[in-house]
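Below you'll find the structure, written out as structure tokens, and then a few comments.
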Amino acid sequence: MLNVGALLTMQEAQARVLERVRTLAAEHVAVADAAGRVTAEPARSVVDLPPFPSSAMDGYAVRAADLPGRLSVVGHVAAGVPAERPLGRGDAMAISTGGVVPDGADAVIPIEYVVNYDNTIEVESSLAQGKHVRPRGGDARAGDVVVEAGFRLGAAQLGALAASGLAAVSCARRPRVAVLATGTELARPGEPLAPGQVYESNALMLAAALAAAGADIEVLPVVADDETAHRAALERGLEADVLVTSGGVSVGPHDLVRRIEAELGVEEIFWRVAIKPGKPVSFGVRGLTLVFGLPGNPVSSLVGCELFAKPALRALQGLRDPLPRFEPGRLAAALRRNDSRDELVRARARVGPDGMVLEPLSGQESHMIVHSAAADALVHVPLGEGELAAGATVSWLRLGAA
Ligand code: AMP
Ligand code: MG
Numbered sequence: 014m015l016n017v018g019a020l021l022t023m024q025e026a027q028a029r030v031l032e033r034v035r036t037l038a039a040e041h042v043a044v045a046d047a048a049g050r051v052t053a054e055p056a057r058s059v060v061d062l063p064p065f066p067s068s069a070m071d072g073y074a075v076r077a078a079d080l081p082g083r084l085s086v087v088g089h090v091a092a093g094v095p096a097e098r099p100l101g102r103g104d105a106m107a108i109s110t111g112g113v114v115p116d117g118a119d120a121v122i123p124i125e126y127v128v129n130y131d132n133t134i135e136v137e138s139s140l141a142q143g144k145h146v147r148p149r150g151g152d153a154r155a156g157d158v159v160v161e162a163g164f165r166l167g168a169a170q171l172g173a174l175a176a177s178g179l180a181a182v183s184c185a186r187r188p189r190v191a192v193l194a195t196g197t198e199l200a201r202p203g204e205p206l207a208p209g210q211v212y213e214s215n216a217l218m219l220a221a222a223l224a225a226a227g228a229d230i231e232v233l234p235v236v237a238d239d240e241t242a243h244r245a246a247l248e249r250g251l252e253a254d255v256l257v258t259s260g261g262v263s264v265g266p267h268d269l270v271r272r273i274e275a276e277l278g279v280e281e282i283f284w285r286v287a288i289k290p291g292k293p294v295s296f297g298v299r300g301l302t303l304v305f306g307l308p309g310n311p312v313s314s315l316v317g318c319e320l321f322a323k324p325a326l327r328a329l330q331g332l333r334d335p336l337p338r339f340e341p342g343r344l345a346a347a348l349r350r351n352d353s354r355d356e357l358v359r360a361r362a363r364v365g366p367d368g369m370v371l372e373p374l375s376g377q378e379s380h381m382i383v384h385s386a387a388a389d390a391l392v393h394v395p396l397g398e399g400e401l402a403a404g405a406t407v408s409w410l411r412l413g414a415a
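Quick look at the structure:
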């Protein structure tokens, strides 16, 4: 793979992160609490689904062989209340959607096709056997896999698990993530800014992004650029499965994070990646703890989180395909390429006549978090000469994916 000077490419850096991830242990999770969790084992149906031959319509359960013909209506089957006796020849039973098709019946004629006159129905056409009957086990058989291992449980999966009679499911434990913002200049929103201060935004932003990817977050108190304070806070953060810091990973005299982490036994796997924004990102490990040092500029932090920290969280949970899902789309406007780094350009994605169209936003500098708030996409502009023309096909990533 292309290596740009001493800097890793985005893909190389992502591969080095994933190499260090060990999937977390599984635990039983009540299906009612399992939204957003990732299955650790295949979940298998407890029952046949439907559990009985079930009517797909409101109508009359009949024997297809009796039709066409005149039938006597001998009873009514409501959902949840099976008939007490089988259906005899020449008989029909009124039945509701979801009702148990009685023994002897093999089709349902919809209510709108017949007139019930004095408990007799006259059916003028024939009906195929099985028509409007949902066979037992037609969706799943007891023991069939309902959700495979390594999938995140969304609404459809939770519905399937519940329908299959599962009360609990085996999922990877949620990763515990400590988030630590560093910087003497950081003030808390709601308090007045003293000279030289800026409001702290990264911890909240990273906590939200990482929680959406399934993490159990602890936001540590902000630390000043002071060695003792860093040591104490980083030591605490290193007790988590993942420590994500912001700030203090550049080359200035107050950038202490990597040095103090090294003192605390963190093995640095990489520092600096050929991307813009986010170049000074660092990654290391201490035992099984993964340690991400995201740059302080808020947009750099956000991009580093999407490209490196979130894939690690997905892999910790055993999710298949943990890497960011870049998709093809077309550029609405030309973009200049950077000759030494891949760029991640904030853009707005909209549905076009033939696929997604990406509109790059103004204000691409790495401190411009307010400009970034209008973006829902990152466009990947590979390093190179010249520009990508309007209409060019590019890879883009939806911001905020789980
Ligand atoms: P650093 O990476 O520590 O050199 O910080 C780079 C820039 O990002 C500086 O302008 C910092 O003030 C700013 N910055 C660092 N951390 C944060 C944060 N948590 N929230 C907002 N801005 C920050
Ligand atoms: Mg700083």
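Under this note's numbering, the first residue of the sequence shown is numbered 14, with each subsequent residue one higher. The beta-carbon is built from N, C-alpha and C at its ideal position, and this holds for glycine as well. Computed from a prediction, not measured in an experiment: that's the story for all the values here.
Exercise. Compute the Euclidean distance between the alpha carbons of Glu-213 and Ile-288, then round it to the nearest angstrom.
Key: On the sequence shown, position 200 is the one that residue 213 refers to. On the sequence shown, position 275 is the one that residue 288 refers to. Looking at the two C-alpha atoms, the distance is approximately 24 Å.
Quiz item: Val-17 by DSSP, collapsed to three states: which one?
Solution: Taking the sequence shown and counting its residues from 1, one reaches residue 17 at position 4. In this prediction, Val-17 scores a pLDDT of 44, lower than 50, which makes its location untrustworthy; the coordinate-derived value is nonetheless stated afterwards. Correct three-state label for Val-17: strand.
Quiz item: Just to confirm, does Val-294 get its C-beta within under 8 Å of one of the non-hydrogen atoms of the ligand AMP?
Solution: As a working mapping, residue 294 is identified with position 281 in the sequence shown. Shortest gap from the CB of Val-294 to any heavy atom of the ligand AMP: 8 Å or more.
Self-check item: Closest residue to Leu-90 among Ser-67, Asp-268, Leu-84 (Cα-Cα distance)
Solution: The residue you call residue 90 lines up with position 77 of the sequence shown. It should be noted that the sequence gives Val, not Leu, for residue 90. Looking at the Cα atoms, Ser-67 is the closest of the given residues.
Quiz prompt | Presumed contact (8 Å Cβ cut-off) between Val-264 and Val-44, rounded CB distance | solution = Residue mapping note: residue 264 aligns to position 251 of the sequence shown, counting from 1. Residue mapping note: residue 44 aligns to position 31 of the sequence shown, counting from 1. Cβ atoms of Val-264 and Val-44 stay farther apart than 8 Å, at about 50 Å.
Practice problem: Measure the beta-carbon distance from Leu-223 to Val-190 and round it to whole angstroms, keeping in mind my assumption that it falls under 8 Å. | Solution: Along the sequence shown, one-based indexing puts residue 223 at 210. Along the sequence shown, one-based indexing puts residue 190 at 177. At roughly 5 Å, the Cβ-Cβ gap stays under 8 Å, so Leu-223 and Val-190 are in contact.
Quiz item: Roughly how many angstroms lie between the CA atoms of Met-14 and Glu-25, to the nearest whole one?
Solution: Position 1 of the sequence shown holds residue 14. Position 12 of the sequence shown holds residue 25. Confidence at Met-14 is low in this model, with a pLDDT of 41, below 50, so the placement of that residue should be treated as unreliable; the coordinate-derived value is given next. Cα to Cα, Met-14 sits roughly 7 Å from Glu-25.
Quiz item: Tell me which same chain residues have a C-beta within less than 7 Å of the C-beta of Arg-361, skipping the five on either side of it?
Solution: As a first step, residue 361 is located in the sequence shown; it is residue number 348 there, counting from the start. Counting only Cβ-Cβ distances below 7 Å, and skipping sequence neighbours, we find Glu-372, Leu-374, Ala-387, Ala-388, Asp-389, Ala-390.
Practice problem: Have a look at Ala-175, Glu-378, Glu-40, Gly-143 and flag the residue whose alpha-carbon is nearest the alpha-carbon of Asn-310. | Solution: Stepping through the sequence shown from its first residue, residue 310 is reached at position 297. Among Ala-175, Glu-378, Glu-40, Gly-143, the Cα nearest to that of Asn-310 is on Glu-378.
Quiz item: So Leu-251 and Thr-302 are in contact, right, with Cβ under 8 Å, and what is the actual spacing, rounded?
Solution: On the sequence shown, position 238 is the one that residue 251 refers to. On the sequence shown, position 289 is the one that residue 302 refers to. Right, their Cβ atoms sit about 5 Å apart.
Quiz item: Which residues does DSSP pair with Ile-230 in a beta bridge?
Solution: Residue mapping note: residue 230 aligns to position 217 of the sequence shown, counting from 1. Under the DSSP definition of a beta bridge, Ile-230 partners with Val-190.
Exercise. Taking only the alpha-carbon atoms, compute the straight-line gap between Gly-260 and Gly-156 and give it to the nearest angstrom.
Key: On the sequence shown, position 247 is the one that residue 260 refers to. On the sequence shown, position 143 is the one that residue 156 refers to. C-alpha separation (whole angstroms): 51 Å.
Exercise. Label Ser-313 either buried or exposed according to how many other C-beta atoms from any shown protein chain fall within 10 Å of its C-beta, with 16 as the threshold for buried.
Key: Taking the sequence shown and counting its residues from 1, the one referred to as residue 313 is at position 300. Residue environment for Ser-313: buried (at least 16 other C-beta atoms within 10 angstroms of its C-beta).
Quiz item: What three-state label does DSSP hand Phe-321 in the structure shown?
Solution: Position 308 of the sequence shown holds residue 321. Three-state DSSP puts Phe-321 in a helix.
Quiz item: If you measure from the CB of Gly-195, is any heavy atom of the ligand AMP nearer than 8 Å?
Solution: If you number the sequence shown from 1, residue 195 lands on position 182. First, the residue type needs correcting, since residue 195 is Thr and not Gly in the sequence shown. Indeed, a heavy atom of the ligand AMP lies less than 8 Å from the Cβ.
Practice problem: Note down the Cα distance separating Ala-78 from Ile-134, rounded to an integer number of angstroms. | Solution: Your numbering for residue 78 matches position 65 in the sequence shown. Your numbering for residue 134 matches position 121 in the sequence shown. Note on geometry: alpha-carbon atoms of Ala-78 and Ile-134 lie some 15 Å from one another.
Practice problem: Pull up the distance between the alpha-carbon of Val-30 and that of Thr-406, whole angstroms please. | Solution: The residue labelled residue 30 in the question sits at position 17 within the sequence shown. The residue labelled residue 406 in the question sits at position 393 within the sequence shown. Each residue's alpha carbon lies about 28 Å from the other.
Practice problem: Just the C-alpha distance for Leu-21 and Gly-151, rounded to the nearest angstrom, thanks. | Solution: The residue labelled residue 21 in the question sits at position 8 within the sequence shown. The residue labelled residue 151 in the question sits at position 138 within the sequence shown. One C-alpha to the other measures close to 51 Å.
Quiz item: Among Leu-410, Leu-396, Arg-333, Leu-315, which has the Cα closest to the Cα of His-384?
Solution: By 1-based counting over the sequence shown, the position of residue 384 is 371. Restricting attention to Leu-410, Leu-396, Arg-333, Leu-315, the CA atom closest to the CA of His-384 is found in Leu-315.
Practice problem: Hey, could you find the ends of the beta strand (DSSP E) Met-369 is sitting in? | Solution: Counted from its first residue, the sequence shown places residue 369 at position 356. In the DSSP assignment, Met-369 falls within the unbroken beta strand (DSSP E) covering 368 to 373.
Quiz prompt | For Thr-36, the three-state DSSP class (helix, strand or coil) | solution = By one-based count along the sequence shown, residue 36 stands at place 23. In this structure, DSSP gives Thr-36 a state outside helix and strand, which the three-state scheme calls coil.
Quiz item: What are the residues that DSSP puts in a beta bridge with Asp-355?
Solution: Locating residue 355 in the sequence shown gives position 342, counting from the first residue. The partner list for Asp-355 (beta bridge, DSSP) reads Ile-288.
Quiz prompt | Presumed contact (8 Å Cβ cut-off) between Ala-48 and Val-75, rounded CB distance | solution = Position 35 of the sequence shown holds residue 48. Position 62 of the sequence shown holds residue 75. Actually they are not in contact, since the Cβ atoms of Ala-48 and Val-75 sit about 42 Å apart, beyond 8 Å.
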